[in-house]
Amino acid sequence: MIGPGESFAEMLTHLWHILPFALLFSLPVAALGGVALYLLRRGSLATTLTVLVLTPVLATLVGVLGVSGFMFTPALTTMLLVCLLVAVVTVPAAIILGRAIARRSVWEREARDRERAAEASRRELVAWISHDLRSPLAGIQAMAEALADGVVSERDEVADYAQRISGETTRLSAMVGDLFELSRITAGALELTMSAVPLRDVVSDAVAAQAPVAERKRVRVLANASTWPVVTGSDPELARIVRNLVSNAIRHTPPDGTVAVQIGVDGDEALLAVDDSCGGIPDDEIGRVFDVAFRGTQARTPERSGTTSGGGLGLAITKGLVEAHRGKIGVHNHGPGCRFEVRLPLAMS
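Okay, structure coming up:
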């Protein structure tokens, strides 16, 4: 026992005698704590922090008991009470901090995953732009130079070149418009004017707009409805959702195939389903259908009409517009092709 009147040298002597007993009793507890931490390395962060806090408290407690020879004097009892109070305060704090740090770690990991996914999407989009925009620009430049140099001088040839330049320009304009729309969606700058919109009008207009394309490909477009619901949404954006889905279905349906648009109500949601005859989507690609610039491989039926394929942004834009309406969109193989399903909230009556 160290007395109050002892010198510093005498205190060091006592410390030297106490040290082996303290280490003898406290080191095994610390070692057990280390083993517990190793075994819990894949467990929750709150449990790990709790063990980390309890280990020094228990090591201190056992060390004091060992040095005292387990003689419960008033001083030892006070020390034990202090250790107990420390444990009562630190253990709940460790659990709370552990859960907070765990939530933050999960959030940071998810944020990093989102950043990596966004970066990969940006790289893919840049690669898509460099290919799909450069090709029509090169064609326009070549035809314009041919006209300017007089290589093409016959009236019919000049008219044909002018028509092809106009077609490529229209294609480029559509791509730029899609890029602008996608940038608004991804940046959260899309502003919707919400109102009660009858799906009958939206579907009818979209099917009528795609009728000339379907006729050129000899594709039948049918619209069926068990009921015509009214949804809460923005009319222009809802029209684009239906138009994109119908256009995509027509593009991937072979001649003499059928595209079916079905409308109904499922619970408190309006259900819009578009079936095509594409031949199905492989399992390893179906999860990427809504990715930017993804157009699949030979899994879906290729174009046979000579028309230009899409730029790979239509379905990504469609997904963004559906989610902006607080709806859901999905795709699965169905019958001779695949089915795109859109669920939108019904308008409040």
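For the working numbering, count along the sequence shown from 1 and bump the result up by 298. C-beta atoms are modelled at their ideal positions from N, C-alpha and C, and glycine is treated no differently.
Of 380, 349, 615, 538, the smallest CA-CA separation from residue 362 is found for 380. Residue 642 is not a Cβ neighbour of residue 618, given a cutoff of 7 Å.
Straight across, the Cα-Cα distance linking residue 332 with residue 339 is about 10 Å. By the Cβ neighbour-count rule, residue 646 is exposed, with fewer than 16 other Cβ atoms within 10 Å of its own. In the three-state reduction of the DSSP assignment, residue 556 falls in the strand class, which pools E and B. In the DSSP secondary-structure assignment, residue 519 is bridged to 557. The residue among 383, 552, 489, 430 with its C-alpha nearest the C-alpha of residue 515 is 552.
When the beta-carbon positions are compared, residue 508 and residue 544 come within less than 7 Å of each other.
Secondary structure note for residue 536: it is in no beta strand (DSSP E), and the uninterrupted alpha helix (DSSP H) holding it is 533 to 549.
If you draw a straight line from the Cα of residue 441 to the Cα of residue 460, it is about 8 Å long. Per DSSP, residue 495 is one residue of the beta strand (DSSP E) stretching across 493 to 496. In this chain, the alpha helix (DSSP H) harbouring residue 478 covers 453 to 484. Within the segment 372 to 455, the runs of alpha helix (DSSP H) that reach at least 4 residues and sit entirely inside it are, in chain order, 372 to 430, 432 to 446.
Only residues of its own chain outside the window of five on either side were considered, and among them 519, 521, 544, 559 have a CB closer than 7 Å to the CB of residue 505, listed in chain order. Non-local C-beta neighbours of residue 563 in its own chain, meaning closer than 8 Å and more than five positions away in sequence, comprise 524, 525, 527, 569, 644, ordered along the chain. Cβ neighbours of residue 476 within its own chain (closer than 8 Å, five residues either side excluded): 609, 611, 612, 615.
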